[in-house]
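**Student:** One structure coming up, written as structure tokens, with questions to follow.
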Amino acid sequence: MLKRLGSERERWDLISRLREKGAGDLLKCIQCGSCTSACIVNAVDEEFNPRRMIGLIIRFNKLLDHDPWLCSTCSLCVERCPQSVNPLSIIVALRIIGYEDGNKLPDKVVEMIEQVKKTGFAFPLNQEARDKRMLLGLPEFRISEEGLNE
1398 MLKRLGSERE RWDLISRLRE KGAGDLLKCI QCGSCTSACI VNAVDEEFNP
1448 RRMIGLIIRF NKLLDHDPWL CSTCSLCVER CPQSVNPLSI IVALRIIGYE
1498 DGNKLPDKVV EMIEQVKKTG FAFPLNQEAR DKRMLLGLPE FRISEEGLNE
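Going left to right, the sequence shown walks through residues 1398 to 1547 as my numbering numbers them.
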């Protein structure tokens, strides 16, 4: 969802807040797309676009309010950025700011948190994955109750 920032002042306030939260210097972004071409989430969901997320803020005074939560935090965008912008730090800062501003966590994020608390895994290990591990001679995943309770 696209949210228009009210004014130029509001945009600069957001940029200041991003910097306070440890975001890289998004104003150094030259919109080359290296971050997006390296992005593993973009490879499966073209709607997720780190370059676009940053560009909307710095050039068009707009903010995508849900995209930061789709990021896998793999850091490939950081490694590929020729300007050392650190797109990941911007995405994490956008998450923090959104949460501080009272935005609800997306349902998928809440489900993942519950899954980690319950099993120790971010995503459930389905039967297909178990069968593949067995075929490859890999041990079955076992999580101890004691470990989960720590």
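Glycine included, C-beta positions come from ideal geometry on N, C-alpha and C.
Computed from a predicted model, the values in this text were never measured in an experiment.
Can you round the beta-carbon distance between Ser1469 and Val1438 to whole angstroms, since I take them to be within the 8 angstroms contact cut?
**Tutor:** 5 angstroms
**Student:** Helix, strand or coil for Leu1460, going by three-state DSSP, please let me know.
**Tutor:** Here Leu1460 sits in strand by DSSP.
**Student:** Would you say the stretch 1440–1454 touches the stretch 1480–1496, given that touching needs at least three Cβ pairs under 8 angstroms?
**Tutor:** yes
**Student:** Got a sec? Which residues, its chain only, sit under 7 angstroms from Arg1492 by beta carbon, not counting five neighbours each side?
**Tutor:** Pro1465 and Trp1466
**Student:** If you scan the stretch 1422–1466 from start to end, which runs of the beta strand (DSSP E) of 3 or more residues do you find wholly inside it?
**Tutor:** Here the runs fully enclosed are 1459–1461.
**Student:** So, with DSSP's three-state summary, where would you put Pro1503?
**Tutor:** In the structure shown, Pro1503 sits in coil (DSSP, three-state: anything other than H, G, I, E or B).
**Student:** With DSSP as the reference, label Pro1484 as helix, strand or coil.
**Tutor:** helix
**Student:** If you draw a straight line from the C-alpha of Lys1515 to the C-alpha of Tyr1496, how long is it?
**Tutor:** 23 angstroms
**Student:** What is the DSSP secondary structure of Thr1470, counted as helix, strand or coil?
**Tutor:** coil
**Student:** Under the three-state reduction of DSSP, which class applies to Leu1411: helix, strand or coil?
**Tutor:** helix
**Student:** Classify Ala1440 as buried or exposed, calling it buried when 16 or more other Cβ atoms lie within 10 Å of its own Cβ.
**Tutor:** exposed
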